[in-house]
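Notes follow the structure.
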Amino acid sequence: MSAERLQKILSRCGVASRRHAEDLIREGRVTVDGKVATVGEKADPSQQAIKVDGKRIRLPTHQRYILLNKPAGYMSTRSDPEGRTTVFELLPVGWRKGLVTVGRLDYNTEGLLILTDDGDFAQRVAHPRYGCTKTYQVKVKGLPTEEQIDRLRKGVVVDGRRTAPAKIQASKSPGSRTDKVNSWWTIELNEGRTRQIREMFFRIGHPVTRLRRTAIGPISDRRLTAGSFRELQQDEVKTLLGSGRRQGKGGRGTRKRRPARKS
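Each residue of the sequence shown is one higher than the last, beginning at 255 in our numbering.
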């Protein structure tokens with residue numbers, strides 16, 4: 255195996271994102287064959303002992319890519335100081351080691367979430383610069399005007415920063431109705447700031463009452479019930495890695511999927 259930059263190795267091992275891996279190296283927490291590493295240094299994990307905080311890391315022999323339908327009332331973090339249930343508790347204990355969530359869904363948000371031990375993959379799918387669009391169904395109080403929705407499409411200021419342009423259109427969720435009391439909207443975003451969609455609709459006076467993510471790039475799965483999960487197939491992983499370049503060039507294809515599992 256050829257030598258690679260340490261931050262890439264740490265990311266592939268699920269230790270941290272590349273950016274965070276650089277921080278670990280700068281802090282002197284990474285060693286190679288007993289010597290403190292430097293940013294930009296290369297190493298061969300099959301031949302050299304790479305350690306983080308004194309613990310040796312090894313490349314995984316099998317990486318996991320898990321698609322989970324997160325129910326409302328679960329945290330997307332590994333642990334919670336308030337003791338709330340996390341999405342990791344929906345998975346078998348033997349699957350949890352080294353997993354990170356690809357982006358996050360807040361406590362009350364439902365829908366598709368990917369967990370993986372492949373740090374490079376997580377970075378490519380989560381970071382807005384790679385253009386992997388996330389699609390959401392949003393239920394809000396009242397019926398926003400076209401002018402208000404157009405404001406959201408162009409971007410509104412949230413926490414001192416303007417949101418990126420978004421695709422938004424009226425929609426109906428199965429079994430729902432749109433009237434002057436409630437309305438449903440489909441929104442597509444490349445960025446995923448904390449509580450972004452809730453804050454966007456709050457800015458136009460129509461609070462979100464329900465929010466669920468229905469697709470990550472071209473990947474969706476209506477058969478995956480709340481709390482269930484399945485492993486992504488390799489063609490789906492490859493599709494996600496290339497989805498930023500292919501957004502808008504065709505519909506979502508169908509593919510044979512592994513049966514969903516219930517925790």
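We put the beta carbon where it would ideally sit given N, CA and C, even for glycine.
So residue i packs on residue j, CB below 8 Å; how close in whole Å?
| i | j | result |
| --- | --- | --- |
| G365 | N323 | 7 Å |
| Q402 | I458 | 4 Å |
| S425 | V394 | With a Cβ gap of about 12 Å, S425 and V394 do not count as contacting. |
| L495 | R378 | 6 Å |
Need the endpoints of the alpha helix (DSSP H) that residue i sits in, please.
| i | result |
| --- | --- |
| F455 | 450-457 |
| Q261 | 260-266 |
| I534 | Coverage of the chain is limited to positions 255 through 517, which leaves residue 534 absent and any answer about it impossible. |
| R405 | 400-408 |
| V379 | 373-380 |
Below 8 Å CB to CB, which residues in the same chain sit around residue i once its five sequence neighbours on both sides are set aside?
| i | result |
| --- | --- |
| L278 | L264, V269, A270, V284, V306 |
| T363 | K324, A326, L465, R466, R467 |
| A297 | A257, E258, L260, I263, V286, A291, I304 |
| W349 | R318, I320 |
| I311 | I263, L264, C267, V269, P299, I304, K305 |
Sorted by chain position, which residues of the same chain lie with C-beta nearer than 6 Å to residue i's C-beta, five sequence neighbours on each side aside?
| i | result |
| --- | --- |
| G352 | G268, D371 |
| S497 | C386, G471, P472 |
| F456 | none |
| G282 | V290 |
| R500 | Residue placement at R500 cannot be trusted, given a pLDDT of 45 that sits under 50; the coordinates are not used to answer. |
Which stretch, first to last residue, makes up the beta strand (DSSP E) that contains residue i?
| i | result |
| --- | --- |
| V284 | 284-286 |
| Y390 | 388-395 |
| E485 | 482-485 |
| Y328 | Where Y328 is concerned, there is no enclosing beta strand (DSSP E), given that its DSSP letter is neither H nor E. |
Please confirm whether any heavy atom of the ligand ATP lies closer than 7 Å to the CB of residue i.
| i | result |
| --- | --- |
| G352 | For the structure depicted, the ligand ATP is absent and the ligand set is empty, with no information on it obtainable. |
Once the 5 residues before and after residue i are set aside, which same chain residues still bring their CB inside 7 Å of it?
| i | result |
| --- | --- |
| G429 | Unreliable positioning characterises G429 in this predicted model, as indicated by a pLDDT of 49, which lies under 50. The coordinate reading is nonetheless provided below. Excluding positions up to five away in sequence, the list is empty. |
| V220 | Because residue 220 is not part of the residues shown, which for the chain are 255 to 517, the question remains open. |
| K405 | Looking at the sequence provided, one finds Arg at residue 405 rather than Lys. Result list for R405: I458, in chain order. |
Flag this pair as yes or no: are the beta carbons of residue i and residue j separated by less than 8 Å?
| i | j | result |
| --- | --- | --- |
| S333 | R358 | no |
| L313 | R272 | no |
| Y361 | V341 | no |
| L397 | F483 | no |
| V462 | R447 | no |
| M454 | T417 | yes |
Check your understanding: Pairing CB atoms from the segment 400-419 with CB atoms from the segment 471-480, are three or more of them under 8 Å?
Key -> no
Review point. Pairing CB atoms from the segment 390-403 with CB atoms from the segment 456-473, are three or more of them under 8 Å?
Key: yes
Check your understanding: Per the contact definition of three or more C-beta pairs closer than 8 Å, is the segment 441-450 in contact with the segment 375-383?
Key -> A contact exists between the segment 375-383 and the segment 441-450.
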